[in-house]
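For any residue, its number in our numbering is found by taking its place in the sequence shown, counting from 1, and adding 22. Structure first, commentary second.
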Amino acid sequence: MKLYFQPSLISGSDFLKHLKNNDWLKLVQGIIIHSSQFEITEGKKYQFENLPTHGEWLILSDCCIICGKNSDFIIENNQNIVQANSNSLEQHHNIISQREIVNKSQHIETSVKYNCNNTFKGNSKYQNCDESVQFKRDATPGLSTQGLPSPFRKVMNVADNRISQSYSRNKWNFLNIGESAWQIITTNSKLPNFIKIYYFFQKKVFNYPFYKQHSNSDCGAACLKMISRYWGKDIDYKTIVDQANIDRSGASLQNLMDAGEAIGFNIIAGKSDLLGLETNILPAIAHWQANHYVVVYKISKNKIIISDPKIGQRTISRDNFLANWTGYGLWLNPTTKFYNQRSKQSLLKFLTFLRPYRIIFLEIFIASIVINIIGLITPVFTQILLDEVISSNAILTFWAIGSGLYIIRTSQIILISIRKYLLFHTANRLDLNLITNFINHALKLPISYFESRYVGDIISRISENRKIRQFITTDAITTILDLISIFVYTSLMFWYSWTLSFLALSIVPILLLITLLSTFKLMSLSREVFNEGTKEQSYLIEIFSGISTIKSMGIEQSIRWNWENLLNKYIKLYFSNQITVEKLSLISSLSETIISISVLLLSIWQVIHNQLTIGQLIAFNMLVGQVIDPVKRLNLLWHNFQEIRISIERCSDVIESTPETGISGSNLIDIKSFKGHIIFNQVYFKYSNKSINNIIDNISFEIKPGQTVALVGRSGSGKTTLSKLILGLYQPQQGEILIDNQNIKNISLRSLRNQVGIVDQNTFFFGGTIQENLLIANPNATMKEIESACQLACAASFIDNFPLKYNTKIGEGGGLLSGGQKQRLAIARAILRSPSLLILDEATSSLDTESENLIQKNLRSILANQTTLIIAHRLSTIKNADLILVLDNGKLVESGTHAQLINNGKIYHHLVSQQSNLHT
Numbered sequence: 023m024k025l026y027f028q029p030s031l032i033s034g035s036d037f038l039k040h041l042k043n044n045d046w047l048k049l050v051q052g053i054i055i056h057s058s059q060f061e062i063t064e065g066k067k068y069q070f071e072n073l074p075t076h077g078e079w080l081i082l083s084d085c086c087i088i089c090g091k092n093s094d095f096i097i098e099n100n101q102n103i104v105q106a107n108s109n110s111l112e113q114h115h116n117i118i119s120q121r122e123i124v125n126k127s128q129h130i131e132t133s134v135k136y137n138c139n140n141t142f143k144g145n146s147k148y149q150n151c152d153e154s155v156q157f158k159r160d161a162t163p164g165l166s167t168q169g170l171p172s173p174f175r176k177v178m179n180v181a182d183n184r185i186s187q188s189y190s191r192n193k194w195n196f197l198n199i200g201e202s203a204w205q206i207i208t209t210n211s212k213l214p215n216f217i218k219i220y221y222f223f224q225k226k227v228f229n230y231p232f233y234k235q236h237s238n239s240d241c242g243a244a245c246l247k248m249i250s251r252y253w254g255k256d257i258d259y260k261t262i263v264d265q266a267n268i269d270r271s272g273a274s275l276q277n278l279m280d281a282g283e284a285i286g287f288n289i290i291a292g293k294s295d296l297l298g299l300e301t302n303i304l305p306a307i308a309h310w311q312a313n314h315y316v317v318v319y320k321i322s323k324n325k326i327i328i329s330d331p332k333i334g335q336r337t338i339s340r341d342n343f344l345a346n347w348t349g350y351g352l353w354l355n356p357t358t359k360f361y362n363q364r365s366k367q368s369l370l371k372f373l374t375f376l377r378p379y380r381i382i383f384l385e386i387f388i389a390s391i392v393i394n395i396i397g398l399i400t401p402v403f404t405q406i407l408l409d410e411v412i413s414s415n416a417i418l419t420f421w422a423i424g425s426g427l428y429i430i431r432t433s434q435i436i437l438i439s440i441r442k443y444l445l446f447h448t449a450n451r452l453d454l455n456l457i458t459n460f461i462n463h464a465l466k467l468p469i470s471y472f473e474s475r476y477v478g479d480i481i482s483r484i485s486e487n488r489k490i491r492q493f494i495t496t497d498a499i500t501t502i503l504d505l506i507s508i509f510v511y512t513s514l515m516f517w518y519s520w521t522l523s524f525l526a527l528s529i530v531p532i533l534l535l536i537t538l539l540s541t542f543k544l545m546s547l548s549r550e551v552f553n554e555g556t557k558e559q560s561y562l563i564e565i566f567s568g569i570s571t572i573k574s575m576g577i578e579q580s581i582r583w584n585w586e587n588l589l590n591k592y593i594k595l596y597f598s599n600q601i602t603v604e605k606l607s608l609i610s611s612l613s614e615t616i617i618s619i620s621v622l623l624l625s626i627w628q629v630i631h632n633q634l635t636i637g638q639l640i641a642f643n644m645l646v647g648q649v650i651d652p653v654k655r656l657n658l659l660w661h662n663f664q665e666i667r668i669s670i671e672r673c674s675d676v677i678e679s680t681p682e683t684g685i686s687g688s689n690l691i692d693i694k695s696f697k698g699h700i701i702f703n704q705v706y707f708k709y710s711n712k713s714i715n716n717i718i719d720n721i722s723f724e725i726k727p728g729q730t731v732a733l734v735g736r737s738g739s740g741k742t743t744l745s746k747l748i749l750g751l752y753q754p755q756q757g758e759i760l761i762d763n764q765n766i767k768n769i770s771l772r773s774l775r776n777q778v779g780i781v782d783q784n785t786f787f788f789g790g791t792i793q794e795n796l797l798i799a800n801p802n803a804t805m806k807e808i809e810s811a812c813q814l815a816c817a818a819s820f821i822d823n824f825p826l827k828y829n830t831k832i833g834e835g836g837g838l839l840s841g842g843q844k845q846r847l848a849i850a851r852a853i854l855r856s857p858s859l860l861i862l863d864e865a866t867s868s869l870d871t872e873s874e875n876l877i878q879k880n881l882r883s884i885l886a887n888q889t890t891l892i893i894a895h896r897l898s899t900i901k902n903a904d905l906i907l908v909l910d911n912g913k914l915v916e917s918g919t920h921a922q923l924i925n926n927g928k929i930y931h932h933l934v935s936q937q938s939n940l941h942t
């Protein structure tokens, strides 16, 4: 991470205050700046490329000298970190021998290189770093890169990457613009004309790049995607999401900085005013409304162009911008690494699913050629009827050609129907293939994938598969066939009259231009309509989901008003979208009408002057219709393609995610009979490698076969996480977990999980009957075994009260059952599996004390020889456990029996005392 930090914005104690309050302001790898000196708080040693490069560092080759306000230094190389004063620097010259020292003068043109073997006297050479790193406004321009300190060589190289390597990198001016940024301007190099044309076309016709966020939490990743496109590279969206470590709560600015550098950007981060934002190199990412990110593309005198990944590009006033901007931002400049990044996924990945159907597509292609040939015959026959048959009064020819037209048109209709049948048949099979592969892959993904995404976002990707299939099998193939017909028909049109053909085809560039000019406007409006419609529908669902609460509070009227406001916004936007579409349609229709009338008049003029016959006139106009209709469909395809690009990346988020490892395989050990012996040996775990704190921190313990072990601790201490580590749902970063003396990495997780029964905090049931839900755990269980398990779980009493007993439907997610009933059924389901290990995670929290004690008694009798892991906040339920493990902030702080831990008088004793006080 190369973090450019401007001391003029935040320094000294103010910086420390921001550092404590804003995680994103932390410098990478634990380096913290103090007002009087620099200090590496974690005592780590960093290589040159890993050091932050900001305004108060002086980087010297692969060692660094860090200047503080009081002329103190910290000198670091690969072996030593030494603090020294400039007067005593000579004593440490062996540490940085043969390193490069830059004399920090006020004017760049007088910079001189020194060798560390030189004699250091006094501190005149080592002035305050602020003077060395900030160029003065009167700095002499025109320096080559060789005369600059390494931080500025890096900055220059960043800018140089924006210009083709084939162009000169001669001389540069460095100007200190405003209070927060460096602006780099070339003096002897110019952008190539084709780049100027490209950017003009992009900004005037296509507007600025826009990318719609996939979910409510990935707006930051979408902003990085847009800026990547702006600089000419379409980075794979999933790569950005993974690098930014996005979860359901989104991404911090620090996460976005990590992701930006990972894909090849140099990052400038800080808090600024509008002047600072304006004078930095744009586009930039602005922190918006405290919980969102937008891209700032252009700042003019009165307006600011932003791209909101949720609703699209907008032009807003400065006051509106300042009212929503928090002041924090990220400025990004691409490097060589950026241009070496892999491009995003394309449609070609999905075209591989078409290979099994290539024979069918060949048949469709041949049928289309025949259809096009037949389509040519119709206007030709029409011409012959008008020009030859009528003039010569040839009755036999009339009947022959008339019969031929019947046969040809009938054959054409039949062939079109056959082609549609083949397309529909292939589409259905492809649909099944795509969705089956998608669901199959999704089920293989690790639990961490689902925990970082909303269920609705994952489900919505299934419909994206259908959109992709629709595009491939219908839109794209139809367009390819249309292109064939266009070439065939236009060739005959030019044979009739090249002047008429050019005039008729002049509508094509007009339609294409209208499409290009309107694409992003229509897409932006469509997104706004979609978003407002989604808000209105979501609010409506909330109303009827919470109708009991609404009626109980008597707030029907205010709720209805809120809904009507959302509906009005949606209707206004929908109307605006309709008006825009109608305006474009009007322009297209007027253009088409003008061209059509012009073609008609010119063709009549040619008939009058014997340049064209009546039959040729009619035939030509028939051909024009055959050409214009495919062009219109081609325009529609362009609109669809813009949307399908998003669909492809949304599906790629699932398809390209790495499946869970260790599920099954020939190289893994199948546990035939799990004894329940579990050993944790110095295990560390955190949800992300970029996280600072461990969720499980250096935990070691042993659970012997047949033991009942309890995990206790405050909320968030890591109890549930530890149980998931036992199941292999998470993999530790360090340490090892042994299952029956085998490392969990070497065993088949499916064979392990099949022998574990679990009742967790969020008990889940399918919307079938009681019996169907119980049989999920053991499909071969008999009715007698089901009833026995329900007796032990104290579930039989309420099941017998239902008229249909075990055939009673329990509703979606078990919604027709109470919390206590669901917990009893979950325990019965776990028992029915006859597990070697039973995990009870708050399994009886919804039960009354009497039922809980009875279940505990039943479990002790049936699971006497089976390993049981109990996670409980109600400590009275674990007094009889063989071993109690006490967790606190991810660490194992105590272990022993109930009596031993009470006598210790520590955390467990405190927790028990608290609960005892609550019950007295």
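All residues carry an ideal CB built from backbone N, CA and C; glycine is no exception. Only a predicted model underlies this, so the values are computations on that prediction, with no experimental measurement involved.
Close CB contacts of Lys-697 within its chain, under the 6 Å cut and outside five residues either way in sequence, are with Pro-727, Asp-762 (chain order).
DSSP, read as helix, strand or coil, puts Ile-285 in coil. According to the DSSP assignment, Val-621 belongs to no beta strand (DSSP E) but to the alpha helix (DSSP H) extending over 578 to 630. Here Arg-380 is exposed: its Cβ has fewer than 16 other Cβ atoms, across all protein chains shown, within 10 Å. Secondary structure of Tyr-709 (DSSP, three-state): coil. Gly-779 is bridged by DSSP to Leu-860. Nearest to Leu-658 by alpha-carbon distance, out of Gln-936, Phe-493, Ser-739, is Phe-493. Within the same chain, Leu-645, Gln-648, Val-649 come within 6 Å of Tyr-511 by CB-CB distance, once the 5 residues on both sides are set aside. The continuous alpha helix (DSSP H) containing Gln-845 extends over residues 841 to 854. Excluding its 5 nearest sequence neighbours in each direction, Ser-679 has C-beta neighbours in its own chain below 7 Å: Leu-467, Tyr-471, listed in chain order.
For the options Lys-325, Glu-604, Ser-540, the alpha carbon positioned closest to that of Gln-664 is the one of Ser-540. If you look at Val-317, you'll find it in the beta strand (DSSP E) that goes 314 to 321. Out of Ser-770, Trp-347, Phe-788, Ser-674, the CA that lies nearest to the CA of Leu-456 is found in Ser-674.
In the DSSP assignment, Lys-325 falls within the unbroken beta strand (DSSP E) covering 325 to 330. Using a Cβ distance threshold of 9 Å, Leu-854 and Ala-818 do not count as a contacting pair. With respect to the 9 Å criterion, Leu-522 and Leu-634 are classified as neighbours on the basis of their beta carbons.
Between Cys-245 and the set Glu-300, Ile-290, Gly-254, Ala-306, the nearest pair of CA atoms involves Ala-306. In the three-state reduction of the DSSP assignment, Ile-677 falls in the helix class.
Thr-458 and Gly-576 have their alpha carbons spaced roughly 47 Å apart. In summary, Val-676 is buried, with 16 or more beta-carbon neighbours lying within 10 Å of its beta-carbon over all protein chains present. Using a C-beta cut-off of 8 Å, the region 393 to 412 makes no contact with the region 309 to 328, since fewer than three inter-stretch Cβ pairs fall below that distance. Per the Cβ contact rule, the region 787 to 802 is in contact with the region 827 to 846 (3 or more Cβ pairs under 8 Å).
Distances from the alpha-carbon of Asn-599 to those of Glu-554, Ser-625, Thr-615, Ile-630 put Glu-554 closest. Going by C-alpha positions, Pro-754 is about 17 Å away from Leu-774.
In this structure the region 285 to 302 touches the region 344 to 352; the number of beta carbon pairs closer than 8 Å is three or more.
Beta-bridge annotation (DSSP): Lys-654 is not paired with any residue. Under a 10 Å Cβ-count criterion, Ala-345 is classified as exposed, with fewer than 16 other Cβ atoms of the shown protein chains found around its own Cβ. For Gly-242, the secondary structure class from DSSP, reduced to helix, strand or coil, is helix. When the alpha-carbon of Gly-272 is set against those of Lys-746, Asn-342, Cys-241, the nearest one is in Cys-241.
Between the beta-carbon of Ile-285 and that of Ser-250 there is about 7 Å, and that keeps the pair under the 8 Å contact cut. Note on geometry: alpha-carbon atoms of Gly-637 and Leu-408 lie some 5 Å from one another. Residue range 417 to 465 is occupied by the alpha helix (DSSP H) that includes Phe-420, with no beta strand (DSSP E) assigned at that position.
Secondary-structure assignment with DSSP links Pro-356 through a beta bridge to Phe-287. Bridge partners of Ile-701 according to DSSP: Glu-724, Leu-760.
A direct Cα-Cα distance of roughly 26 Å separates Tyr-561 from Ser-329. With contacts defined as CB atoms closer than 9 Å, Ile-714 and Gly-757 fail to qualify as a contacting pair.
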